[in-house]
Amino acid sequence: MRYDDSPPPPESSSSVSPDRPWYTRRSTLAVAVAALAPTALAGWVLTQVLTGSGHDGQPPGPKALPASHTTGAGAHGGAGDAKASTTTPSPDASASASASASAPAAPAKGPLAGRTVVIDPGHNTGNFKHTSEIDRQVDIGTNRKECDTTGTTTNSGYMEAEFTLDVSRRTRTLLESKGAKVVFTHDADRPWGPCIDERARIGNEAKADAVVSVHADGVSAGNRGFHIILPATVKGGAADTSKIVGPSRDLGERIAGNFARSTGSAPANYLGSGTGLVVRDDLGGLNLSTRPKVFIECGNMRDAKDAAQLTSPEWRQKAAEGITNGIVGFLGG
Ligand code: ZN
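Listed below in structure tokens is the structure:
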């Protein structure tokens with residue numbers, strides 16, 4: 066696990082923001098979350114979860130029901146072929162500004178005007194049909210890893226990849242309404258993938274001000290709640306997260322707080338010591354990012370109570386609102 070010359074000790078609190086823990090920011094969460102404060106404080110220094118196994122986008126620790134990653138394929142075909150990955154509010158601000166000097170309308174307005182957010186819908190519904198492609202190893206700087214994974218499903222077959230795309234699209238709508246330029250890593254416009262290294266590259270090349278990778282977890286029933294995955298400090302090959310660890314934690318804390326408030330969900334009860342925050346060094350999508358980036362695991366698809374939420378369009382809208390508000394807070398909107 067020692068990838069660089071200065072492995073972060075668990076208490077490498079250079080990246081910790083004790084002055085502004087998310088669970089203290091919003092009084093409306095007080096009842097639900099205040100009880101978590103003691104463990105949360107411990108969690109700030111203990112969430113350095115280092116695992117060498119597990120797929121990208123999946124949590125540390127044993128995955129329940131490996132079969133869940135191979136079932137459901139039949140029910141869901143390849144990705145659609147409709148929309149473009151990039152939804153840039155058009156025309157772009159500079160173009161329209163120069164086009165009409167006397168009519169300064171058009172450019173995006175709102176608190177996120179001029180900001181770029183990359184949303185990464187985890188997995189792809191077509192991955193089940195392209196196992197050879199997604200099993201290919203790619204370089205994540207510190208290691209080599211599968212290009213992508215299928216993701217999980219609920220017990221009734223609702224695919225994580227469907228969930229992530231839906232929440233991502235809802236988030237895009239909200240972000241664009243606030244003036245942001247939103248770029249997707251994919252939008253059901255390709256049969257599989259993209260690979261995790263490409264997902265990171267899209268954020269980097271967009272010079273994103275924030276990147277959020279949307280997921281849901283697939284662990285055994287009884288494990289509930291959401292968590293945010295933050296990048297560990299890693300260095301190796303093309304991976305160097307030293308510049309993004311701090312801002313990514315800020316982004317993650319803000320999303321955690323807003324997500325809890327908007328959805329009413331609690332931080333995960335099975336990892337993160339009740340903080341809803343976990344640090345990982347094994348995810349290519351984080352290791353290769355040069356922009357502030359987090360993953361969010363919105364809930365556990367294999368738990369019936371969580372699944373009831375994850376399959377609800379109304380709940381997914383609340384999830385998107387929480388993610389959006391966290392991004393807005395991070396970007397100072
Ligand atoms: Zn996932």
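Numbering-wise (this note's numbering), the sequence shown opens with residue 66 and increments by one. Here a beta-carbon is modelled for each residue, glycine too, at the ideal position from N, C-alpha and C.
Three-state secondary structure assigned by DSSP to residue i
{"i": "Arg-367", "result": "coil"}
{"i": "Ser-155", "result": "Model confidence at Ser-155 stands at a pLDDT of 41, short of 50, so the residue's coordinates are unreliable; what they give is reported in the following sentence. Three-state result, Ser-155: coil."}
{"i": "Gly-322", "result": "helix"}
{"i": "Pro-332", "result": "strand"}
{"i": "Val-359", "result": "strand"}
{"i": "Ala-281", "result": "strand"}
{"i": "Arg-345", "result": "strand"}
{"i": "Leu-295", "result": "strand"}
{"i": "Gly-258", "result": "coil"}
{"i": "Asp-185", "result": "strand"}
{"i": "Thr-238", "result": "helix"}
{"i": "Ala-173", "result": "coil"}
{"i": "Ala-304", "result": "strand"}
{"i": "Lys-246", "result": "strand"}
{"i": "Ala-275", "result": "strand"}
{"i": "Ser-313", "result": "helix"}
{"i": "Ser-327", "result": "helix"}
{"i": "Ser-233", "result": "helix"}
{"i": "Arg-381", "result": "helix"}
{"i": "Ser-338", "result": "helix"}
{"i": "Asn-288", "result": "coil"}
{"i": "Gly-191", "result": "helix"}
{"i": "Gly-268", "result": "helix"}
{"i": "Leu-353", "result": "coil"}
{"i": "Ala-373", "result": "helix"}
{"i": "Gly-387", "result": "helix"}
Pick from the options that is closest to residue i, judged by C-alpha positions
{"i": "Met-366", "options": "Thr-355, Arg-289 and Arg-381", "result": "Arg-289"}
{"i": "Ala-281", "options": "Arg-314, Asp-185, Ala-173 and Thr-181", "result": "Asp-185"}
{"i": "Glu-369", "options": "Asn-220, Ala-333 and Val-343", "result": "The question names Glu, yet the displayed sequence has Ala at residue 369. It is Asn-220 whose Cα lies nearest to the Cα of Ala-369."}
{"i": "Val-393", "options": "Ala-333, Phe-324, Ser-338 and Arg-381", "result": "Phe-324"}
{"i": "Asn-269", "options": "Ala-275, Thr-355 and Gly-301", "result": "Thr-355"}
{"i": "Ala-384", "options": "Asp-213, Ala-265, Ile-293 and Thr-214", "result": "Ile-293"}
{"i": "Ala-286", "options": "Ala-333, Asp-347, Gly-311 and Lys-300", "result": "Ala-333"}
{"i": "Ile-199", "options": "Val-284, Cys-212 and Tyr-223", "result": "Cys-212"}
{"i": "Ser-313", "options": "Arg-345, Asp-262 and Thr-238", "result": "Arg-345"}
{"i": "Ala-273", "options": "Arg-209, Asp-252, Val-182 and Asp-347", "result": "Val-182"}
{"i": "Thr-190", "options": "Thr-238, Val-247 and His-251", "result": "His-251"}
{"i": "Glu-225", "options": "Lys-300, Phe-193, Ala-173 and Ile-267", "result": "Phe-193"}
{"i": "Ala-253", "options": "Thr-298, Gly-179 and Glu-227", "result": "Glu-227"}
{"i": "Ile-399", "options": "Arg-234, Thr-218 and Thr-298", "result": "No information on residue 399 is available, as it lies outside the stretch 66 to 398 that the chain covers here."}
{"i": "Thr-340", "options": "Asp-347, Ser-327, Glu-318 and Thr-328", "result": "Glu-318"}
{"i": "Gly-284", "options": "Thr-214, Arg-180, Thr-218 and Gly-301", "result": "Note on residue identity: the sequence assigns Val, not Gly, to residue 284. Taking only the C-alpha atoms, the option nearest Val-284 is Thr-218."}
Chain-order list of residues whose beta-carbon lies under 8 Å from that of residue i (same chain, five-residue window excluded)
{"i": "Gly-364", "result": "Ala-281, Asp-282, Arg-289, Gly-290, Phe-291, Ser-330, Asp-371, Ala-372, Gln-374 and Leu-375"}
{"i": "Asp-231", "result": "Pro-378 and Arg-381"}
{"i": "Ile-388", "result": "Val-232, Thr-236, Val-277, Val-279, Ile-320, Asn-323, Phe-324 and Ile-361"}
{"i": "Thr-229", "result": "Pro-186, Gly-187, His-188, Gly-216, Val-279, His-280 and Ala-281"}
{"i": "Gly-175", "result": "Ser-242, Lys-243, Gly-244, Ala-245 and Gly-398"}
{"i": "Arg-201", "result": "Glu-211, Cys-212 and Cys-260"}
{"i": "Arg-209", "result": "Gln-202 and Val-203"}
Own chain residues within Cβ distance below 6 Å of residue i, not counting five before or after
{"i": "Ala-304", "result": "Gly-206, Thr-207, Asn-352 and Leu-353"}
{"i": "Leu-336", "result": "Val-343"}
{"i": "Leu-316", "result": "Ala-275, Pro-357, Val-359 and Phe-395"}
{"i": "Asn-390", "result": "Asn-323"}
{"i": "Leu-240", "result": "Val-182, Val-247 and Thr-389"}
{"i": "Arg-264", "result": "Asp-185, Thr-250 and Gly-350"}
{"i": "Tyr-223", "result": "Thr-376"}
{"i": "Gly-126", "result": "Only weak support is given to the placement of Gly-126: the predicted model assigns it a pLDDT of 39, under 50, and the value that follows is read from those uncertain coordinates. Excluding sequence neighbours, Gly-126 sits near nothing in its chain."}
{"i": "Arg-180", "result": "Ala-245, Asp-274 and Leu-396"}
Other residues of its chain near residue i: CB distance less than 7 Å, five sequence neighbours each side excluded
{"i": "His-195", "result": "Pro-256 and Trp-257"}
{"i": "Asp-262", "result": "Val-203, Asp-204, Ile-205, Gly-349 and Leu-353"}
{"i": "Ala-99", "result": "Summary for Ala-99: the model assigns pLDDT 44, below 50, so the residue's position carries little reliability; its value from the coordinates is reported in the next sentence. Result list for Ala-99: empty, nothing under 7 Å."}
{"i": "Glu-386", "result": "Leu-239 and Ser-327"}
{"i": "Ile-267", "result": "Val-183, Val-248 and Thr-250"}
{"i": "Gly-302", "result": "Asp-204, Gly-206 and Thr-207"}
{"i": "Leu-177", "result": "Leu-240, Lys-243, Gly-244, Ala-245, Val-393, Leu-396 and Gly-398"}
Bridge partners - residue i, DSSP secondary structure assignment
{"i": "Asp-204", "result": "Arg-209"}
{"i": "Phe-395", "result": "For Phe-395, which the question treats as bridged, DSSP gives no partner whatsoever."}
{"i": "Thr-218", "result": "Met-224"}
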